[in-house]
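Residue numbers (numbering that gives the first Met the number 0), protein chains in the order written: chain Z, 0 to 985; chain G, 0 to 254. Beneath this line is the structure, given in structure tokens, with notes to follow.
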Amino acid sequence: MATALKRYFADGSSGATLSVSQKVYVRSRRGKATKIVQEHYLRTDIPCSSQLCPICSLNLPKDSSGAERPPILSREPPTAGSWGPHYLVPDTNVFVKAMDLMEHKSAFYDVIVLQTVLDELRNISLPLYNRLRALSQSQEKRFYVFHNEFRQETFVERQQGESMNDKNDRAIRTACAWYRVHLDETMSKSSEIVPQVLLLSNDNDCLRKARELGVACTNLDDYVRFLPDCDTLLDMIVAEHGGDETHKFAYPEYYSTSRIQGGIQIGNLHQGVLNISQYNYLEGSVTVPSFDRPLLILGRESINRAMHGDVVVVEVLPESEWKTPSTKIVEEDNITKNDNAEDDEEENLLVTEQERRALAEEPATQNSSAEFKVQRTAKVVSVIKRNWRSYVGHIDAASISSDAVATRRQTSVFLIPMNRRIPKIKIRTRRAADLVGKRILAAVDSWDASSRYPQGHFIRALGDIEAKAAETEALLLEYDVQYQPFTQSVLDCLPIEGHDWKVPAETSDPRWTGREDLRDLLVCSIDPPGCQDIDDALHARPLPNGNFEVGVHIADVSHFVKPNTAMDSEASSRGTTVYLVDKRIDMLPVLLGTNLCSLMPYVERFAFSAIWEMTPDAEIVNTRFTKSVIRSKEAFSYEQAQLRIDDKSQTDPLTQGIRDLLRLSKALKAKRMAAGALNLASPEVKVNVESETSDPMDVEVKKSHETNSLVEEFMLLANISVAAKIYEAFPQSAMLRRHGAPPKENFEVLADQLRVCKQLSLNAESSKQLADSLDACKDSNDPYLNTLIRIMATRCMLAAEYFCSGTMAEPEFRHYGLATHIYTHWTSPIRRYADIVAHRQLASAIAYEPLHESLRDKPKLERVCQNINQRHRNAQFAGRASVEYYIGQALKNHELDVEAYVMKVFSNGFVVFVPQFGIEGPIHLRDAKSSFKFDEANYALILNEGTDKEETLQLFRKIIVHVETVVEESTGKRKVAFRSQNPKIE
Amino acid sequence: MSRPEIYSPEGLRIDGRRWNEVRHIKCAINTHPASSDGSSIIEQGNTKVMCNVVGPAEPTSSSGGGGAKSNTNSFANENKVTLSVKATVAPFSTIDRRKRSGNDSRIQEMCLTIQHIFEEAVMGHLQPRSQIVISLYILAQDGGMLQACINAASLALIDAGIPMYDYVCACTAGMHDTEVLLDLNRLEENDMPFLTMATLGATRKVSLMQLETRVGVDKLEPMMAAAMSGCHYLRQIMDAQVRKHGKNRLARVGA
């Protein structure tokens with residue numbers, strides 16, 4: 000219950016004239032009644048923000064810096080149908096159902112967002128609220144947040160017996176009515192047409208009451224019908240549920256909140272993130288702190304409407320139902336091909352017979368090696384947090400009924416996401432026929448217990464499948480890469496001189512303060528060929544005492560990107576530059592990245608330098624950091640630098656410097672290796688594209704020179720030195736990077752596989768032992784085997800992550816892979832945001848400039864870390880997916896036989912890895928004519944057993960596969976397909 | 000439930016004020032003439048504090064400020080008046096009804112702070128060997144307890160006719176991101192760094208500046224400037240109230 004107490008007070012100066020104390024009694028957690036009293040000031044100076052209103056535009060409130068917010072709503076608002084020029088006032092439900100619509104470019108301009116609506120939306124969904132806030136922040140769409148609850152005339156008090164919803168609806172109507180009267184009054188002398196105020200609501204009762212008040216109103220669907228392009232727009236509205244049908248099957252209901260809270264506390268329920276297997280859409284796993292090994296979630300019913308990445312609560316099943324992870328490849332499209340999108344409720348069973356069969360397990364084999372493989376199984380009992388986002392996919396043409404095409408009736412169709420881990424999404428559309436064969440972006444809205452598939456809605460079509468532009472955009476959307484051009488407000492942060500910006504000639508210029516003049520040093524940069532964003536440059540010179548001075552000079556990005564500017568927040572949200580095969584999506588505007596910050600040769604540039612004094616054995620005597628000005632003498636590619644070193648005739652000081660660097664880097668590397676640093680491998684290939692058409696030409700494995708490792712060693716050293724320095728200066732808020740030691744269990748399977756198949760041992764006790772045993776894993780006949788094992792070992796490890804030093808204990812800082820106790824990223828500020836943060840912290844640690852508040856704020860930094868970790872991961876995935884797509888394109892017209900290794904063995908197929916292209920893929924035995932037997936203990940498939948053509952396909956075996964590309968029916972992706980050639984499988 | 004917006008992009012705070020507006024203030028003096036020499040009550044928004052002043056009077060061992068000093072006669076200062084401050088927090092003053100013991104260290108600390116402030120503001124040399132007891136009753140809390148206590152004590156001392164150099168006026172200012180906010184309520188106090196400042200009248204003499212949260216050094220100046228303007232505004236209001244009271248009193252005496 001709530002009471003309100005009104006008080007008037009006269010105060011000429013401010014707009015607040017009346018205060019209302021709201022007293023609310025709330026039942027506290029322990030059942031006691033508590034009283035919350037909040038003040039609420041009502042004012043008369045909240046503007047209507049219409050550019051037409053002569054009164055409000057004169058009295059604009061100022062903020063603490065004295066700036067005004069100009070009126071937002073335009074003089075000429077849009078018209079639609081019979082409605083003349085109008086401002087729109089949507090209610091909360093409209094935003095919930097149609098946020099995608101609101102963001103659409105073709106309609107919905109000049110919208111008044113009421114405070115009541117905004118608050119309600121915030122309580123319903125924070126992401127939606129954030130999207131709406133972003134809309135109101137960008138000037139383009141002209142969304143104005145009107146604080147109706149603080150304006151005296153539009154404030155409504157909750158009445159006796161009135162529900163909160165009713166009160167809010169009444170507040171919305173009151174605000175609309177006020178707007179109309181206000182505009183009529185203030186514009187009575189003006190010659191312009193007074194715009195209407197149009198209430199958008201889907202609540203019939205509310206619409207009726209609004210009409211009684213004389214407020215123009217309509218429901219959303221009727222309004223959209225009058226807009227151009229209405230078919231597309233209508234598809235974007237979240238579908239209503241016809242919830243009255245009786246369903247023959249249903250997913251188990253989720254547990255109640257209290258039961259879950261209780262369960263987690265006693266420990267019989269567990270919370271974790273669901274991870275769906277890449278090869279089997281019916282198998283998921285959840286890692287929870289209580290158990291060493293992940294819990295298996297098997298089957299549609301156990302997964303219970305959870306999707307990949309959702310935070311779920313699971314219950315462990317009884318021991319009799321514990322299983323080994325599936326040894327089969329199960330793909331959704333092969334099993335659920337015939338589901339009908341229109342009426343999937345008609346089927347009787349939730350879990351179809353095919354699915355059941357696909358999951359049926361042969362009883363766990365009773366041998367010693369299988370023991371550790373039996374895992375706990377569990378079922379999902381609740382979803383704490385959905386990881387839903389927009390998904391890219393294509394329409395399953397088979398799911399469209401033919402009469403729907405003719406009548407353009409709204410029908411349900413299936414959208415098959417590109418990501419195999421995501422189930423099909425049911426969307427309703429009128430344009431099913433037009434959308435077939437297109438890449439489509441859709442959002443998931445809900446998943447009822449009675450619906451086999453989640454319900455979503457169409458957002459937009461990206462273009463034809465396999466068209467380069469559409470595929471690239473699909474990829475960027477799928478990995479949530481922000482690829483929109485930089486906004487004007489970001490570009491406004493650039494120096495006004497643009498490309499003509501120069502280091503000030505006068506050293507008395509204030510920008511020179513605190514900078515060291517290092518222009519005379521023989522600095523050069525070594526990068527991949529064609530590199531434009533040169534982050535780093537190096538120098539080395541002998542000192543009179545026999546030691547060496549070595550300097551790493553990094554582009555001084557933090558000079559241009561100041562905290563709390565539009566550019567800073569954009570860079571922070573992008574997090575990293577994303578490199579695709581034919582495209583680079585920059586974190587910073589191109590002017591900075593490839594010109595002003597880039598340490599190009601022969602020009603003066605601002606830099607941040609780390610300078611060491613080292614003995615010839617690379618023992619560090621002294622470290623210092625300084626802001627500087629440098630002039631790079633040369634920009635080498637790795638290959639050029641290598642040639643220069645090897646060319647004995649070159650004896651100039653620059654070449655000598657590089658040779659010194661190389662020698663020192665080898666000493667550094669040796670020390671690092673002795674400390675147990677891992678030499679990991681990932682399949683890295685490079686796709687050469689034709690410069691004109693950017694059609695892929697061929698694929699090659701990246702070459703590595705000694706100079707690669709030269710640059711790498713010094714970057715590592717710089718990062719480590721900087722990490723130590725900023726941690727010393729800011730023990731609570733330093734931006735660091737860690738790589739957790741992987742739990743030993745992660746290596747169990749790989750170690751067993753190596754023992755069984757290759758009689759090799761793998762010891763993962765410590766990084767040192769792992770490094771040594773990896774070095775020992777060699778087969779003299781097969782040099783590539785070692786790389787393959789390293790690739791597989793890498794996959795057993797955890798991902799490195801950024802973190803804020805105050806959030807972990809110091810022993811946790813360790814970087815496992817590099818075997819160093821502290822690490823950060825500092826050397827690539829042009830393409831990574833973490834480096835910019837480290838730059839700012841280092842600048843403050845050496846007393847160059849004071850540290851901005853936000854870099855001291857632990858929670859804020861944690862949010863930054865979380866975001867850049869996510870962005871970093873996505874950027875890697877996007878890069879890989881891009882390579883995969885281009886390899887597919889490159890091989891489009893070629894078919895060839897290549898060497899491949901067996902990387903995984905299932906009972907009905909196996910996965911091969913092709914070193915030449917760095918790709919892997921499954922080979923199914925489902926259609927094979929040859930007989931085969933799965934020998935689980937030996938990780939092998941035995942073909943044609945007992946005949947003279949008997950072949951054993953064991954893990955790590957080298958085979959020849961036939962490579963061709965096919966367009967996969969299910970995902971619409973052009974994929975590389977493999978067929979085993981030797982041994983031949985028909 | 001999600002946290003509400005502390006400061007909206009449109010420039011409105013959680014309770015509808017703008018950045019530089021103080022809460023509604025209501026104050027009165029001489030509210031308890033029977034039980035004290037000077038008394039006052041002040042409401043700043045929903046924070047409500049009552050103050051009684053007894054003195055100057057002969058020091059007694061029972062009315063001392065507690066601690067080791069209280070039981071001896073050396074308690075009386077030869078040169079200047081002795082101030083003692085007591086504060087009682089009503090159990091119903093917060094959202095959760097909770098009894099506080101008299102020797103809560105935070106309250107003790109606050110009492111000591113107030114004592115130090117008024118030792119400087121009161122012309123203590125005029126009343127040597129005597130004692131003034133300031134009793135504060137915190138009736139409702141909604142942020143800014145210290146500032147309300149200082150303002151209430153200031154008014155009560157004036158009501159008691161104790162010679163002072165000027166009013167001591169206190170106000171808080173907080174920093175939300177880059178925005179300074181004046182006179183924080185409870186929700187705002189919990190969310191951001193803030194300082195309490197007290198000035199001697201409408202001057203730039205600062206008699207208290209208390210900051211218990213971390214804040215960047217560059218943020219301090221705007222916060223201080225805002226808090227000071229708040230103090231000056233408060234002096235106007237308090238002064239107007241005292242004058243009004245005086246006028247009424249004179250009218251009554253005249254009649």
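Glycine is no exception: its CB is placed at the ideal position from the N, C-alpha and C atoms. For clarity, every value in this text was computed on a predicted model and none was experimentally measured.
- Taking a C-beta distance under 8 Å as the contact criterion, G/Ser206 and G/Gln130 do not qualify as a contact pair.
- Counting C-beta atoms within 10 angstroms of its own C-beta, Z/Tyr783 has fewer than 16 neighbours from the protein chains shown and is therefore classed as exposed.
- Here Z/Arg737 is not near Z/Glu809, since their CB atoms are 8 Å or more apart.
- Contact between the region 823-831 of chain Z and the region 881-891 of chain Z is absent: fewer than 3 CB-CB pairs across the two stretches fall below 8 Å.
- The closest CA to that of Z/Asp291, considering only Z/Leu942, Z/Asn745, Z/Ile790 and Z/Asn785, is found on Z/Asn745.
- Here the alpha carbon of Z/Ala448 sits roughly 21 Å from the alpha carbon of Z/Ser398.
- Contact annotation: G/Ile28 and G/Asp190 have beta-carbon atoms that are not nearer than 8 Å.
- Proximity of the region 566-581 of chain Z to the region 465-485 of chain Z meets the contact definition, three or more beta-carbon pairs being nearer than 8 Å.
- DSSP places G/His244 outside any beta strand (DSSP E); the residue lies instead in the alpha helix (DSSP H), whose first and last residues are Val216 to Gly253.
- For Z/Ile922, the CB contacts under 8 Å within the same chain, skipping 5 residues up- and downstream, are Gly908, Phe909, Val910, Val911, Val960, Phe977, Arg978, Ser979 and Ile984 in chain order.
- Comparing C-alpha distances from Z/Leu294 to each of Z/Pro982, Z/Thr91 and Z/Trp321 shows the shortest one belongs to Z/Trp321.
- When Z/Ile584, Z/Leu113 and Z/Ser571 are compared, the shortest CA-CA separation from Z/Ala874 is found for Z/Ile584.
- Nearest CB-CB separation between G/Leu199 and chain Z: not below the 8 Å threshold.
- For Z/Asn621, the enclosing beta strand (DSSP E) covers residues Ile619 to Ser636.
- Here Z/Val193 has Leu51, Leu182, Asp183 and Met186 as same chain residues with Cβ atoms under 8 Å from its own Cβ, once five neighbours each way along the sequence are excluded.
- Shortest Cα-Cα distance from G/His124 to any of G/Ala147, G/Thr171, G/Pro55 and G/Leu199 involves G/Pro55.
- Short of 8 Å from the beta carbon of Z/Val628, and not among the five residues preceding or following it, lie these beta carbons of its own chain, in chain order: Val502, Trp511, Arg514, Glu515, Asp516, Leu517, Arg518, Glu603, Arg604, Phe605 and Ala606.
- Closest in C-alpha terms to G/Met49, from the list G/His175, G/Gln140 and G/Leu249, comes G/Gln140.
- Chain-order list of chain Z residues neighbouring G/Glu178: Asp62 and Ser63, by C-beta distance under 8 Å.
- Within chain G, no C-beta atom comes less than 8 Å from the C-beta of Z/Pro70; the nearest is roughly 12 Å away.
- In this structure, Z/Leu440 is the residue among Z/His456, Z/Ser450, Z/Leu440 and Z/Ile821 with its C-alpha nearest to the C-alpha of Z/Ile464.
- Listed as beta-bridge partners of Z/Thr410 by DSSP are Z/Thr428.
- For Z/Ser524, the beta-bridge partners assigned by DSSP are Z/Ala634.
- Z/Ala79 is positioned such that its CB atom lies closer than 8 Å to that of Z/Phe225.
- With 16 or more neighbouring CB atoms inside 10 Å of its own CB, Z/Gln840 falls in the buried class.
- For the region 129-151 of chain Z, residues whose beta-carbon sits nearer than 7 Å to a beta-carbon of chain G comprise Gln136, Val144, His146 and Phe149.
- By the criterion of a C-beta distance shorter than 6 Å, Z/Gly675 is surrounded in its chain by Ser766, Lys767, Ala770 and Ala818, once the five residues flanking it on both sides are discounted.
- Around the CB of Z/Gln260, fewer than 16 other CB atoms lie within 10 Å, so the residue is classed as exposed.
- For the options Z/Tyr390, Z/Asp44, Z/Pro600 and Z/Arg420, the alpha carbon positioned closest to that of Z/Leu414 is the one of Z/Tyr390.
- When C-beta distances to chain G are compared with 9 Å, the residues of the region 844-855 of chain Z below that value are Pro849, Leu850, His851, Glu852, Ser853 and Arg855, in chain order.
- Inclusion of Z/Phe802 and Z/Leu759 in the CB contact set at 8 Å is not warranted, their separation being larger than that value.
- When the beta-carbon positions are compared, Z/Ser381 and Z/Val287 stay at least 8 Å from each other.
- Using a 10 angstroms sphere on the CB of G/Gly245, the tally of other CB atoms stays under 16, which defines it as exposed.
- G/Gly215 reaches chain Z at Pro849, Leu850, His851, Glu852 and Arg855, counting residues in chain order whose Cβ is nearer than 8 Å.
- Sorting Z/Phe94, Z/Glu152, Z/Arg141 and Z/Ala133 by C-alpha distance to the C-alpha of Z/Asp44 places Z/Glu152 at the top.
- At a beta-carbon threshold of 8 Å, the residues of chain G lying near Z/His39 are Asp14 and Gly15, ordered along the chain.
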